[in-house]
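The next block holds one structure in the form of structure tokens; read it before the comments.
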Amino acid sequence: MQSIYSNSVNWSSSFKKSSLLLFFIWPVASLFIAFRNYKEIWAKNILWLFCIFFGYTFIISDVGGADSDRYARTFLQFAHSDLTLSELWSSFYSESSNYVDIASPLITYLVSRFTDSPNILFAVFGLVFGYFYSRNIWLVLDHVKGNMSIVVILFILTFSLCNSIWNINGFRMNAAAQIFLYGGLRYLLEDNFKGLLWAGVSVLFHFSFLFPLVSLFVFILLKNKLNIYLIFFLLTSLIKEVNIQSVQSFLSFLPDIFQSRVSGYTNIEYAEAVRLERQSVNWYVPFSYESIQWVVYIITMFIYFTCRQYLKTKKKLMTLFCYSLLLYGFANIASQVPTGTRFIILANTFMLAIFIIFISTFPKIKGLIVIKLLSIPLLLFFCIVTIRMGMDFYSIMTFIGNPISVALYKDSVPFINGIKSLFL
Numbered sequence: 015m016q017s018i019y020s021n022s023v024n025w026s027s028s029f030k031k032s033s034l035l036l037f038f039i040w041p042v043a044s045l046f047i048a049f050r051n052y053k054e055i056w057a058k059n060i061l062w063l064f065c066i067f068f069g070y071t072f073i074i075s076d077v078g079g080a081d082s083d084r085y086a087r088t089f090l091q092f093a094h095s096d097l098t099l100s101e102l103w104s105s106f107y108s109e110s111s112n113y114v115d116i117a118s119p120l121i122t123y124l125v126s127r128f129t130d131s132p133n134i135l136f137a138v139f140g141l142v143f144g145y146f147y148s149r150n151i152w153l154v155l156d157h158v159k160g161n162m163s164i165v166v167i168l169f170i171l172t173f174s175l176c177n178s179i180w181n182i183n184g185f186r187m188n189a190a191a192q193i194f195l196y197g198g199l200r201y202l203l204e205d206n207f208k209g210l211l212w213a214g215v216s217v218l219f220h221f222s223f224l225f226p227l228v229s230l231f232v233f234i235l236l237k238n239k240l241n242i243y244l245i246f247f248l249l250t251s252l253i254k255e256v257n258i259q260s261v262q263s264f265l266s267f268l269p270d271i272f273q274s275r276v277s278g279y280t281n282i283e284y285a286e287a288v289r290l291e292r293q294s295v296n297w298y299v300p301f302s303y304e305s306i307q308w309v310v311y312i313i314t315m316f317i318y319f320t321c322r323q324y325l326k327t328k329k330k331l332m333t334l335f336c337y338s339l340l341l342y343g344f345a346n347i348a349s350q351v352p353t354g355t356r357f358i359i360l361a362n363t364f365m366l367a368i369f370i371i372f373i374s375t376f377p378k379i380k381g382l383i384v385i386k387l388l389s390i391p392l393l394l395f396f397c398i399v400t401i402r403m404g405m406d407f408y409s410i411m412t413f414i415g416n417p418i419s420v421a422l423y424k425d426s427v428p429f430i431n432g433i434k435s436l437f438l
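Following my numbering, the numbering of the sequence shown begins with 15 at its first residue and continues without gaps.
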């Protein structure tokens with residue numbers, strides 16, 4: 015028996031080393047192997063390394079006022095200035111600087127002390143984002159029961175794409191979402207109180223995460239109140255419009271340093287600009303987000319009305335389901351404010367986590383096959399559209415390159431442009 019265990023350990027160690035070596039030869043291939051061997055401890059670190067590689071090859075776009083372009087310009091300003099760390103630190107939470115998020119400017123400044131290459135900055139963004147991204151995916155994978163079915167794999171892919179690695183384009187908000195998800199899942203699924211600390215760290219990346227953080231503490235106070243949360247979830251889904259000036263008044267309790275940001279996000283002119291921007295995008299983009307919401311509502315109703323007895327046998331699943339409903343209610347309210355729809359994406363990730371675990375834990379529930387059949391086309395549509403949107407931020411070198419080749423040759427042609435050129 016000892017010999018068998020020893021051989022197993024040696025095989026795993028050798029496979030880990032070969033996968034790590036393969037990463038430096040062909041990262042995409044090593045990523046495929048990592049997911050094929052997702053039960054191995056080292057597998058998630060291959061995804062983490064790939065996120066760093068992706069960040070280095072990330073295409074910084076100046077089209078449409080992309081956040082990545084602003085990050086790059088700020089980075090170059092820091093790199094070519096004599097700004098000191100103490101001067102930067104004193105500007106945080108200062109009305110004159112308007113810095114209400116510590117993490118992004120601090121990371122940008124520290125990297126700028128060593129290089130003026132935006133590629134390195136985005137590699138660091140990939141390192142930070144990728145750590146929590148990879149851990150969140152594996153937190154869910156670790157709770158999957160039995161063998162992977164095609165449907166479960168599709169749900170996991172959807173979960174991964176809701177806030178994927180190319181979302182370092184909006185590093186502040188999306189990194190905060192990954193960190194909050196990481197903290198929330200650790201607390202709700204593992205009873206790990208350190209998760210609450212990580213959820214709090216998300217506020218350092220984007221101040222607006224005070225909002226979901228409040229929802230988490232409300233849940234801690236109320237505990238599992240399934241009926242109340244479902245009613246809240248449904249009622250907030252009926253909200254069609256809120257008075258933005260009323261929102262400004264409601265948030266007036268925040269410190270003065272936050273008021274300029276609140277005013278910016280709830281400005282009527284800004285709201286109109288966001289509305290017009292959304293109308294200008296192709297129909298399939300908003301429809302892809304709606305498709306996820308349909309899946310969320312269909313499965314939520316199915317679980318509540320037919321499967322509550324199963325949830326009662328799995329306390330952690332019940333806890334995650336209850337909090338996901340509460341968070342979704344908060345997100346429904348926030349989504350009525352310009353850019354507040356981003357909290358719906360956060361709520362979707364929590365919901366998808368519970369669905370993945372639930373479906374894999376209770377695969378033979380009566381009627382579940384119908385729910386799966388309804389979900390498959392909607393999830394596929396979302397995944398296809400999301401992957402297409404990501405093609406603006408990576409090139410062919412992301413697929414065929416390696417850390418050495420991309421250091422020697424930088425491809426700035428988005429993958430989607432390469433595809434279009436083949437058919438023109």
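Every residue, glycine too, gets a C-beta built ideally from N, C-alpha and C. Quantities reported herein were computed from a predicted structural model and do not represent experimental measurements.
C-beta atoms of residue i and residue j nearer than 9 Å
i	j	result
N177	Y147	yes
N346	W40	no
T71	V420	yes
V299	V399	yes
Y342	L230	no
T172	I306	yes
Y85	L135	yes
M403	P428	no
I47	L36	yes
F9	S118	As displayed, the chain neither begins before 15 nor continues past 438, which places residue 9 out of reach and without an answer.
F335	F344	no
Nearest-angstrom Cα separation, counted from residue j out to residue i
i	j	result
S302	I151	21 Å
V142	S251	33 Å
F89	K208	32 Å
L244	I379	21 Å
F413	R50	18 Å
L422	I371	43 Å
N296	I164	29 Å
S33	V42	11 Å
I373	K330	15 Å
E101	I234	38 Å
W103	S126	15 Å
I359	R87	27 Å
Q323	T375	13 Å
E204	L210	12 Å
F188	W180	Note that residue 188 is Asn in the sequence shown, not Phe. So the two alpha carbons sit approximately 10 Å from each other.
F221	D83	21 Å
Residue i versus the options, residue with shortest Cα-Cα distance
i	options	result
W308	L195, Y324, Q350, M365	M365
I430	Y408, I414, K424	Y408
V158	L393, P377, M187, M403	P377
I73	S100, A137, Y324	A137
V351	F225, D83, D96	F225
F139	I55, F67, N206, I167	F67
I253	S349, I167, L203, G214	S349
T355	F335, K53, E304, V166	E304
I383	S118, Q91, I55, V166	V166
M162	D96, G214, Y52	Y52
Contact belief for residue i with residue j at Cβ below 8 Å, rounded distance in angstroms
i	j	result
L195	T333	Rounded, the Cβ-Cβ distance is 15 Å, inconsistent with contact.
I60	S44	5 Å
L199	L227	Actually they are not in contact, since the Cβ atoms of L199 and L227 sit about 15 Å apart, beyond 8 Å.
I410	D425	6 Å
T327	G381	So it is not a contact: roughly 18 Å between Cβ atoms.
Sequence-distant residues of the same chain with beta carbon closer than 7 Å to residue i, five excluded per side
i	result
L388	I312
Y145	W62
R149	K58, Y196
Q273	Bear in mind that the predicted position of Q273 carries a pLDDT of just 49, short of 50, making it unreliable; the figure below should be weighed with that in mind. Nothing meets the Cβ criterion.
S385	Per the sequence presented here, residue 385 reads as Ile, with Ser not at that position. Hits under 7 Å: I312, I313, F316.
W212	I193, Y196, G197, R200
F64	P41, L45
F395	S302, S305
Proximal residues to residue i (C-beta, below 6 Å), its chain only, five neighbours per side dropped
i	result
N133	Y70
S216	A190, I193, F194, F223
D130	A93
F106	Y113, I116
L393	L168, T172
K434	none
Sequence-distant residues of the same chain with beta carbon closer than 8 Å to residue i, five excluded per side
i	result
L339	L240, Y243, L244, F246, F247, T314
D81	N183, G184, F185, R186
F264	Residue placement at F264 cannot be trusted, given a pLDDT of 46 that sits under 50; what the coordinates show is reported in the next sentence. Nothing meets the Cβ criterion.
Any C-beta of chain C under 9 Å from that of residue i
i	result
F185	Reference to chain C is not applicable here, since this structure consists of a single protein chain.
Distance cut-off 8 Å: residue i Cβ against heavy atoms of the ligand FMN
i	result
I313	This structure simply doesn't include the ligand FMN, nor any ligand for that matter.
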